[in-house]
Amino acid sequence: MKFKFNDIANIKEIPKVNLLNLNLEKMRDFLKYIQEKPFRANQIMKWIYHHFCDDFSKMSNISKKLKNKLIKYSFINPPKFIQEKKSFDGTIKWSFLTNKKHVETVYIPEKNRATVCISSQIGCLLNCDFCYTGKMGFQKNLKVFEIIGQLWNVIKLFNEKNKIKKITNIVFMGMGEPLLNFKNIVMALNIILHDHGFNFSKHKVTLSTAGIVPLINKLNGLIDIKLAISLHASNNKIRNRLMPINKKYNIQSVLESANNYLKNSKANKGKITIEYVMLDKVNDSLKNAEELAVILKNIPSKVNLIPWNSFPESVYNTSTASNIVHFSKILTKRKIFNTIRKNRGKDIYAACGQLNNNFKI
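In structure tokens, the structure reads:
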């Protein structure tokens, strides 16, 4: 969002600004625009992201004059909460309404941490064959306030209840391909990481991508967060079938760009996360495990093996438990660090690959 300082005479004509769209730099620009001191941005950001205040009248350390200007020229408006579903395993899925469309957000509590899984788009352009979100098609890129508003709503809700485990981790693994909403994702990450924003550590924020090579390269050096690559295949033939984007950016190019990102990153602690969904008789053979070990031989990585989660009318089945264990053992034997993910929230369609706002249970 740009503010043209030479247009101050016409300030009455501008639409109100949603402050959840602004990082600290843009907040300072906005305050200059309404002829206020830029340092007030620090105070306003803290009220919004540390105290979860959306009422200007309650911001006790700013002047009445500034409060009146904020009321006149701005507002604080996250997406509207419309539905909550709770899983037997403690996972919670929320639906939020934005521009008459639903976006889904997931909370995953574990013994020593609690994770919020954030969406970046409604639907997805990539149409990965094993993913229910992809079957929606692409509906829209989420704006900054719609991205961080998911987290803002969840933390505010938990603060009010004061009974839920504190959120420790954030993953961009919800609906959509984050890097195809690049500008808004970077702005949202800036707010999430900044000490006047949500103040999360870069070691606790993960972005998952199917591998948009030019945008991984663009992200490199711009912002440092944990990177996860949705690989899901041990060779290009299988990945072409599962993930059409592979025909444009194949396995080798994706891994190369991820490895380059790793070289400039402290957040990843020397290893890129590789996500690999386990599909019965598609990508789960012992040969596939050997192939995967070969292509990752020179990539410092940790592999998450993800039992596939079903959805209506899919042609796939999840790999058997024994096949997943054998696959894991081969990777371990080849010195590829790996874990088998415990899927959460399957009963409410909140598990990996199941988010789809057209499905009601």
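Just remember that this note's numbering sits 107 ahead of the position in the sequence shown, which is counted from 1. Glycine included, every Cβ here is placed at the ideal spot set by N, Cα and C. No experiment lies behind these values; they were computed from the predicted model shown.
Rounded to whole angstroms, the separation of the alpha carbons of isoleucine 443 and leucine 403 is 8 Å. Judged by DSSP in its simplified three-state form, isoleucine 225 adopts coil rather than helix or strand. DSSP places lysine 193 in no alpha helix (DSSP H) but in the uninterrupted beta strand (DSSP E) bounded by 187–193.
If you draw a straight line from the Cα of leucine 399 to the Cα of asparagine 342, it comes to about 8 Å.
Arginine 135 and asparagine 366 have their C-alpha atoms some 36 Å from each other. Using a Cβ distance threshold of 9 Å, isoleucine 379 and lysine 409 count as a contacting pair.
Around the Cβ of valine 401, a 10 Å sphere holds fewer than 16 other Cβ atoms; the residue is exposed. Within the same chain, and ignoring the five residues on either side of leucine 249 in sequence, the residues whose Cβ sits closer than 8 Å to its Cβ are Thr205, Val210, Ser226, Ser227, Gln228, Ile229, Gly283, Asn288, Asn291. Within the same chain, Lys193, Tyr214 come within 6 Å of isoleucine 199 by CB-CB distance, once the 5 residues on both sides are set aside. A check of alpha carbon separations from glycine 460 across His433, Glu382, Asn395, Phe265 identifies Glu382 as the nearest. Taking the Cβ atoms as the reference, lysine 309 lies roughly 11 Å from isoleucine 277, outside the contact range of under 8 Å.
When DSSP assignments are scanned along the stretch 348–425, the uninterrupted stretches of alpha helix (DSSP H) that are 4 or more residues long and fall wholly within it turn out to be 358–370, 393–402. Asparagine 357 and tyrosine 180 have their C-alpha atoms roughly 47 Å apart.
Across the set Ser337, Asn327, Asn219, the C-alpha of Ser337 shows the shortest separation from the C-alpha of phenylalanine 237. The stretch 142–155 makes contact with the stretch 126–133, as at least three CB pairs between them are under 8 Å. The beta carbon of phenylalanine 418 sits closer than 8 Å to the beta carbons of Tyr239, Lys242, Tyr456, Gly460, Gln461, Asn463, Phe466 from its chain, once the five residues preceding and following it are set aside; these are given in chain order. Here leucine 296 is actually not in contact with isoleucine 319; their C-beta atoms are around 16 Å apart, not less than 8 Å.
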